[in-house]
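Participant:
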Amino acid sequence: MNIVTVQQAQKTYNPDKIPVHALQGVDLTIEQGEFTALVGPSGSGKTTLLNAIGGLDLLTAGKIIINNQDIATFSDSELIEFRKQNIGFVFQAYNLIPVFTAKENVEFVMLLQGKSEQERDTRVRELLTAVGLADQIDRRPSELSGGQQQRVAVARALASKPQFILADEPTANLDSKSTADLLDIMLELNQKENITFLFSTHDQRVIDRARRVVTLEDGKIISDERVS
Amino acid sequence: MIFKIAWRNIGRNKRRTLLTAASIFFAVFFSCVMTSINRGVFDKMIDDSVTSNVGYIQIHKKGFWDDQVINNAMVYDQQWKQELAAIDKVQTVIPRLQSAAMISFGKITKNVLVTGIDPAAENKLTNISNRVVDGEYLNADDQAVLIGEGLAKKLKATIGDTLILLSQGYRGVNAAQVYPIKGIVSFGVPALSSGMVYMPLAAAQYFYGANNLTTAVVLDVAGKEDVEEVLPPLYAKLDTNNTYEVMAWQEMIPDILNLKQTKDSSNKVVTIILYFIVGFGIFGTILMMTRERQYEFGVLLSIGMKRGQLAASVWIETLLLGLLGAVVGIALAYGLAYYLMVNPIVMQGEMAEAYTKFGMDPVMPASVALDIFWEQALTVLTITTLIALYPAFVIFRLQPVTAMRS
Ligand SMILES: Nc1ncnc2c1ncn2[C@@H]1O[C@H](COP(=O)(O)OP(=O)(O)OP(=O)(O)O)[C@@H](O)[C@H]1O
Ligand SMILES: [Mg+2]
Numbered sequence: 001m002n003i004v005t006v007q008q009a010q011k012t013y014n015p016d017k018i019p020v021h022a023l024q025g026v027d028l029t030i031e032q033g034e035f036t037a038l039v040g041p042s043g044s045g046k047t048t049l050l051n052a053i054g055g056l057d058l059l060t061a062g063k064i065i066i067n068n069q070d071i072a073t074f075s076d077s078e079l080i081e082f083r084k085q086n087i088g089f090v091f092q093a094y095n096l097i098p099v100f101t102a103k104e105n106v107e108f109v110m111l112l113q114g115k116s117e118q119e120r121d122t123r124v125r126e127l128l129t130a131v132g133l134a135d136q137i138d139r140r141p142s143e144l145s146g147g148q149q150q151r152v153a154v155a156r157a158l159a160s161k162p163q164f165i166l167a168d169e170p171t172a173n174l175d176s177k178s179t180a181d182l183l184d185i186m187l188e189l190n191q192k193e194n195i196t197f198l199f200s201t202h203d204q205r206v207i208d209r210a211r212r213v214v215t216l217e218d219g220k221i222i223s224d225e226r227v228s
Numbered sequence: 229m230i231f232k233i234a235w236r237n238i239g240r241n242k243r244r245t246l247l248t249a250a251s252i253f254f255a256v257f258f259s260c261v262m263t264s265i266n267r268g269v270f271d272k273m274i275d276d277s278v279t280s281n282v283g284y285i286q287i288h289k290k291g292f293w294d295d296q297v298i299n300n301a302m303v304y305d306q307q308w309k310q311e312l313a314a315i316d317k318v319q320t321v322i323p324r325l326q327s328a329a330m331i332s333f334g335k336i337t338k339n340v341l342v343t344g345i346d347p348a349a350e351n352k353l354t355n356i357s358n359r360v361v362d363g364e365y366l367n368a369d370d371q372a373v374l375i376g377e378g379l380a381k382k383l384k385a386t387i388g389d390t391l392i393l394l395s396q397g398y399r400g401v402n403a404a405q406v407y408p409i410k411g412i413v414s415f416g417v418p419a420l421s422s423g424m425v426y427m428p429l430a431a432a433q434y435f436y437g438a439n440n441l442t443t444a445v446v447l448d449v450a451g452k453e454d455v456e457e458v459l460p461p462l463y464a465k466l467d468t469n470n471t472y473e474v475m476a477w478q479e480m481i482p483d484i485l486n487l488k489q490t491k492d493s494s495n496k497v498v499t500i501i502l503y504f505i506v507g508f509g510i511f512g513t514i515l516m517m518t519r520e521r522q523y524e525f526g527v528l529l530s531i532g533m534k535r536g537q538l539a540a541s542v543w544i545e546t547l548l549l550g551l552l553g554a555v556v557g558i559a560l561a562y563g564l565a566y567y568l569m570v571n572p573i574v575m576q577g578e579m580a581e582a583y584t585k586f587g588m589d590p591v592m593p594a595s596v597a598l599d600i601f602w603e604q605a606l607t608v609l610t611i612t613t614l615i616a617l618y619p620a621f622v623i624f625r626l627q628p629v630t631a632m633r634s
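Residue numbers (the numbering used here), protein chains in the order written: chain A, 1 to 228; chain B, 229 to 634.
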């Protein structure tokens, strides 16, 4: 089943001044259960593409279809609601609310969704256990390592039971051990719970573990390989 | 949850919180205490002059207030007295016959103001019998006078001494009589009483050849609130177009009220300047905070927080920051005001002299009227809300992608 379809995506920054053609006709489909890495040199358009899929930024031309809905038809507040229900985000760094504990950060999205306390509690525990932080539940981000913070971010991204998770260079600020741990967890969630991941990366060790690698260059897909 | 973020954020930067709260505390505390003392002083001043002098309502012959001479006297008889007393809320009807005279004792002569009073009724309003420091208070049928302490000193006269009073009576008749001193009254400040002579109304009417006449009738009521209720029936009863003038306390102490207004507005200006400074300080803090948190705002919006929720949380945070200082400021100011109400500041030196010259006790009591403190709380609420408009504005225009690019 296709959950994301990108059709002829074009994105031009600064169209009036010095235009930057960040995306120049990208076609891409993501299916349920994929574990896909988006790679390519710096400036190739990875972040731009992820932001567009996540509805954080608008395309200049082309379509993003998620669950058969063209996200360009949503209003700003509908888009926020849609993101909340369907997409989990993990960013490069400083993902977490600094004044909240790990537990509260994960719980936050569910609070926004109006989930009951019991449901929240169970799921938070489940998720933090899944990312290996069951015993760090009451720590604040400043009391966690970068790797641990990213794991909390993954747990939070999953809290709302989204269709898929978008992660823009989630390991960029992590050492190799933390990178490996985070990847382990993401893969496990992918395999056991069939959660779809789409992430960008520069890191060869991360690329090596992806099951599909999409390579961008100058805003175009130049290769799309499936690894078995 | 929104509140929780706000509350936690308060503790995020303790230095910032402390500085902001302290500056608000300072403004609130200062404004409260200043307003409280100002209010207390003027309340007392007004109260003093109303309850110990002019009363809440006065009736005169039309034109008397502007030209206070005995020829502007009006007829006052038992029937009228009863009619006035019958008006709802009127507690006491207090007639006065007041005019200037010359008094002499031995070789000394002074200008004085003679007031003929109904001793019992007058005492209900002004409690003057408590001010008798020597001799006794008057009875209605006495042929004697009560003089001010200051006057007694000037005349070098004492109880039992006989004084000569000279004046021009009603419609120009000659007035000359002798009266013994029955009592000496003190108003705290000798200067205040250096021209005061009281005698029973009947004696004064006889002296001035003004049978059945008074220059003023004071209507005493329980408090300011009752004045508005007494005025309409009074206007209905009296021909105020031609014959009488009716004055409420506000009209009889315009100087004090003007002074109060001037002082109030100058205090307002000080308060506004103070809040401006403090407000800009906080604005700067919030400005910086908003900048620092751009990325975080972007993340929160990306993961599904509504702009309204985020703005509300920042507003609550700003509000809490303000209220923290305000609550402590108000609490301490209230405490101090309460203390100063019970133990007013007693002024010394020149200030004290100036006050006594105007016939006031040289003390500065404070008022604990709740609206003083409420007003400050509301001001802080308004200022912080206005300040929180800025982050709200930023949040509503924020594009998560742009915010997170930096
Ligand atoms: N807001 C923007 N305004 C103007 N140009 C932009 C903006 N965002 C990105 N660009 C440009 O668009 C191009 C693609 O940028 P993008 O961030 O998508 O690349 P990327 O593949 O994520 O790079 P990196 O690996 O360094 O993160 C770049 O040339 C970049 O300079
Ligand atoms: Mg990027």
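Positions of the beta carbon are idealized from the N, C-alpha and C atoms, including for glycine.
Would you list, in chain order, the members of the segment 442-453 of chain B that have their beta-carbon closer than 8 Å to a beta-carbon of chain A?
Facilitator: Going along the segment 442-453 of chain B in chain order, one finds no residue with a Cβ nearer than 8 Å to chain A.
Participant: Would you say the beta carbon of Y13(A) is closer than 6 Å to some non-hydrogen atom of ligand 1?
Facilitator: Counted from its first residue, the first sequence places residue 13(A) at position 13. The answer is yes for Y13(A).
Participant: Applying the 10 Å Cβ sphere with the 16-neighbour rule, what's the burial state of W602(B)?
Facilitator: As a working note, residue 602(B) is residue 374 in the second sequence. So W602(B) ends up on the exposed side.
Participant: Does A541(B) have its Cβ less than 7 Å from a Cβ in chain A?
Facilitator: Counting from 1 along the second sequence, the entry for residue 541(B) is found at position 313. According to the sequence shown, residue 541(B) is Ser rather than Ala. Not closer than 7 Å to any Cβ of chain A, the Cβ of S541(B) fails to qualify, so no.
Participant: Looking at the secondary structure, which residues open and close the alpha helix (DSSP H) in which L598(B) lies?
Facilitator: As a first step, residue 598(B) is located in the second sequence; it is residue number 370 there, counting from the start. Start and end: L598 to R625.
Participant: Below 6 Å CB to CB, which residues in the same chain sit around E107(A) once its five sequence neighbours on both sides are set aside?
Facilitator: Translated into positions along the first sequence, residue 107(A) becomes position 107. Excluding positions up to five away in sequence, the list reads R120 and V124.
Participant: Chain A beta carbons: is any one of them nearer than 7 Å to that of Y523(B)?
Facilitator: Numbered from its first residue, the second sequence carries residue 523(B) at position 295. Yes, because at least one Cβ of chain A sits closer than 7 Å to the Cβ of Y523(B).
Participant: So which residues put a beta carbon under 5 Å from any heavy atom of ligand 1, going in chain order?
Facilitator: Residues with a Cβ closer than 5 Å to any heavy atom of ligand 1, in chain order: Y13(A), V20(A), A22(A), S42(A), G43(A), S44(A), G45(A), K46(A), T47(A) and T48(A).
Participant: If the cut is a Cβ gap below 7 Å, which residues of chain B does D57(A) touch?
Facilitator: Position 57 of the first sequence, counting from 1, holds the residue named residue 57(A). Neighbours of D57(A) on chain B, chain order: V629.
Participant: In terms of residues, what are the limits of the beta strand (DSSP E) holding A167(A)?
Facilitator: Within the first sequence, residue 167(A) is the residue found at index 167, counting from 1. Looking at the DSSP string, the run of the beta strand (DSSP E) that includes A167(A) is F164 to D168.
Participant: Checking the sheet assignment: what are the DSSP bridge partners for M330(B)?
Facilitator: What you label residue 330(B) is simply residue 102 of the second sequence in a count that begins at 1. Answer is N339(B) and L394(B).
Participant: In angstroms, rounded to a whole number, what distance separates the CA positions of L207(B) and R324(B)?
Facilitator: Any answer about residue 207(B) is impossible in this case: the structure gives chain B only from 229 up to 634.
Participant: Run through chain A and tell me which residues come within less than 7 Å of M533(B), C-beta to C-beta.
Facilitator: Locating residue 533(B) in the second sequence gives position 305, counting from the first residue. In chain order: L112.
Participant: So is F91(A) buried or exposed if we call it buried at 16+ other beta carbons inside 10 Å?
Facilitator: As a working note, residue 91(A) is residue 91 in the first sequence. Counting Cβ neighbours within 10 Å, F91(A) comes out buried, since at least 16 surround it.
Participant: Less than 7 Å separating the beta-carbons of D168(A) and S200(A)?
Facilitator: Indexing the first sequence from 1 puts residue 168(A) at position 168. Indexing the first sequence from 1 puts residue 200(A) at position 200. For D168(A) and S200(A), yes; Cβs fall inside 7 Å.
Participant: In chain A, which residues lie less than 9 Å from R243(B) when you measure between Cβ atoms?
Facilitator: The count along the second sequence starts at 1 and reaches residue 243(B) at position 15. Near R243(B) there are no residues of chain A at all, since even the closest Cβ is about 16 Å away, more than 9 Å.
Participant: From G55(A) to R83(A), what distance separates their C-alpha atoms?
Facilitator: Start at 1 with the first residue of the first sequence, and residue 55(A) comes out as number 55. Start at 1 with the first residue of the first sequence, and residue 83(A) comes out as number 83. Whole-angstrom Cα-Cα distance: 7 Å.
Participant: Could you check the C-alpha separation between F89(A) and V498(B) for me, to the nearest Å?
Facilitator: Here the question's residue 89(A) lines up with position 89 in the first sequence. Here the question's residue 498(B) lines up with position 270 in the second sequence. Rounded to whole angstroms, F89(A) to V498(B) spans 51 Å at the Cα level.
Participant: Taking the alpha carbon of I600(B) as the reference point, which residue from I265(B), R244(B), S422(B) and T612(B) has its own alpha carbon closest?
Facilitator: Here residue 600(B) corresponds to residue number 372 of the second sequence, with the count starting at 1. Here the closest residue by C-alpha is I265(B).
Participant: What in chain A is Cβ-close to M632(B), meaning under 7 Å?
Facilitator: Translated into the one-based positions of the second sequence, residue 632(B) becomes position 404. Simply F91.
Participant: Drop a sphere of 10 angstroms on the beta-carbon of Y567(B), count the other beta-carbons inside from all chains shown, and report buried for 16 or more, exposed for fewer.
Facilitator: Working through the second sequence from its first residue, we reach residue 567(B) at position 339. By the 10 Å Cβ count, Y567(B) comes out exposed.
Participant: Using a Cβ-Cβ distance under 7 Å, would R236(B) count as near chain A?
Facilitator: Taking the first residue of the second sequence as 1, we reach residue 236(B) at position 8. By this cut-off, R236(B) is an interface position.
Participant: Using 7 Å as the limit for Cβ to Cβ distance, is M516(B) near chain A?
Facilitator: The residue labelled residue 516(B) in the question sits at position 288 within the second sequence. Judged by the 7 Å Cβ criterion, M516(B) is not in contact with chain A.
Participant: Using a Cβ-Cβ distance under 7 Å, would R151(A) count as near chain B?
Facilitator: Along the first sequence, read from residue 1 onward, the residue named residue 151(A) stands at position 151. Not closer than 7 Å to any Cβ of chain B, the Cβ of R151(A) fails to qualify, so no.
Participant: Pick out the complete beta strand (DSSP E) segments inside the segment 412-472 of chain B, 3 residues or longer, and give them in chain order.
Facilitator: The qualifying runs are 424-428 and 444-448.
Participant: For I274(B), which residues from the same chain have a beta carbon less than 7 Å from its beta carbon, with the 5 sequence-adjacent residues on both sides left out?
Facilitator: Residue mapping note: residue 274(B) aligns to position 46 of the second sequence, counting from 1. Closer than 7 Å at Cβ, skipping near neighbours: I481 and I484.
Participant: What's the gap between the Cα of S42(A) and the Cα of L216(A)?
Facilitator: Stepping through the first sequence from its first residue, residue 42(A) is reached at position 42. Stepping through the first sequence from its first residue, residue 216(A) is reached at position 216. Computed Cα separation, rounded: 10 Å.
Participant: Is M273(B) helix, strand or coil by DSSP?
Facilitator: What you label residue 273(B) is simply residue 45 of the second sequence in a count that begins at 1. Residue state, collapsed to three classes: helix.
Participant: Between Q136(A), S75(A), S160(A) and V6(A), which lies nearest to K115(A) when the distance is taken from Cα to Cα?
Facilitator: Within the first sequence, residue 115(A) is the residue found at index 115, counting from 1. K115(A) has its Cα closest to that of S160(A), out of Q136(A), S75(A), S160(A) and V6(A).
Participant: Between which two residues does the alpha helix (DSSP H) containing G536(B) stretch?
Facilitator: For the purposes of this step, residue 536(B) is identified with residue 308 of the second sequence, where counting begins at 1. Element bounds for G536(B): R535 to V570.
Participant: Which residues of chain B have a Cβ atom closer than 9 Å to the Cβ of Y13(A), listed in chain order?
Facilitator: Within the first sequence, the letter at position 13 stands for residue 13(A). In chain order: nothing, as chain B lies at least about 11 Å away.
Participant: Using a threshold of 7 Å, state whether the C-beta atoms of I80(A) and I71(A) are closer than that.
Facilitator: If you number the first sequence from 1, residue 80(A) lands on position 80. If you number the first sequence from 1, residue 71(A) lands on position 71. Contact flag unset, no.
Participant: Could I get the ranges of all uninterrupted beta strand (DSSP E) runs contained in the segment 119-158 of chain A, with 3 residues as the minimum, in chain order?
Facilitator: Fully enclosed beta strand (DSSP E) runs of 3 or longer: not present.
Participant: Return the residue from the list K452(B), S327(B) and Y562(B) that minimises the CA-CA distance to Q319(B).
Facilitator: Along the second sequence, one-based indexing puts residue 319(B) at 91. Of the listed residues, the one whose Cα sits closest to Q319(B) is K452(B).
Participant: Going straight from the alpha carbon of S251(B) to that of F511(B), what length do you get?
Facilitator: Along the second sequence, read from residue 1 onward, the residue named residue 251(B) stands at position 23. Along the second sequence, read from residue 1 onward, the residue named residue 511(B) stands at position 283. Approximately 12 Å between the Cα atoms of the pair.
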